[in-house]
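Q:
In the numbering used here, the protein residues as written are 8 to 163.
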């Protein structure tokens, strides 16, 4: 097994102002060459945490209503598209294509009880690690936060 880097981040929240959104977008831009450099050096990389962006319409309960909400704005989703185009793999979607699987719910309006959520917590891996993946999941039944745990099982 090659060396691998396990990176845990809380990615910035874009909130509702342009300055904060630009900070978030810059963060995505700044991280990508750092992790790509590790892969180019022969290392495997896992990047996990709260990415604060639902990548695809399947990743949130109400995509049409949230198209202009930070966390699902096209410009934010395009950043994740760039990661994918450069060989980064969303491990959950390797194993699960079904909708209604979320990792975050607002505390308001009984959202969790009604499963009106967003999938914003990810494990992204470089493509060379795909064969090591056994499973990835979301543990929606674990309470204690507005997020629930996500997991990745590797054969290393």
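Backbone N, C-alpha and C fix where the C-beta goes; we use that ideal spot for every residue, glycine too.
Using three-state DSSP, classify residue 67 as helix, strand or coil.
A: For the purposes of this step, residue 67 is taken as the residue at position 60 of the chain shown. Residue state, collapsed to three classes: strand.
Q: Strictly by DSSP, which residues pair up with residue 52?
A: The sequence position of residue 52 within the chain shown is 45, counting from 1. DSSP lists 12 as partners of residue 52.
Q: Among residues of its own chain, excluding the 5 on either side of residue 133, which ones have a beta-carbon nearer than 7 Å to its beta-carbon?
A: As a position in the chain shown, residue 133 is number 126, starting the count at 1. Only 46, 51, 52, 94, 95 meet the Cβ criterion.
Q: Can you tell me whether residue 127 is helix, strand or coil according to DSSP?
A: Here residue 127 is taken as the residue at index 120 of the chain shown, counted from 1. Coil.
Q: Mind checking whether residue 127 and residue 112 have CB atoms under 7 Å apart?
A: On the chain shown, position 120 is the one that residue 127 refers to. On the chain shown, position 105 is the one that residue 112 refers to. For residue 127 and residue 112, no; Cβs fall outside 7 Å.
Q: Would residue 155 pass as a contact of residue 147 if the rule is Cβ separation under 7 Å?
A: Counting from 1 along the chain shown, the entry for residue 155 is found at position 148. Counting from 1 along the chain shown, the entry for residue 147 is found at position 140. The answer is yes: Cβ separation under 7 Å.
Q: For the beta strand (DSSP E) that residue 145 lies in, which residues bound it at each end?
A: Locating residue 145 in the chain shown gives position 138, where the first residue counts as 1. From DSSP, the beta strand (DSSP E) with residue 145 extends over 140-145.
Q: Answer with buried or exposed for residue 142, where buried requires no fewer than 16 other C-beta atoms within 10 angstroms of its C-beta.
A: If you number the chain shown from 1, residue 142 lands on position 135. The residue in question, residue 142, is exposed, as its Cβ has fewer than 16 Cβ neighbours within 10 Å.
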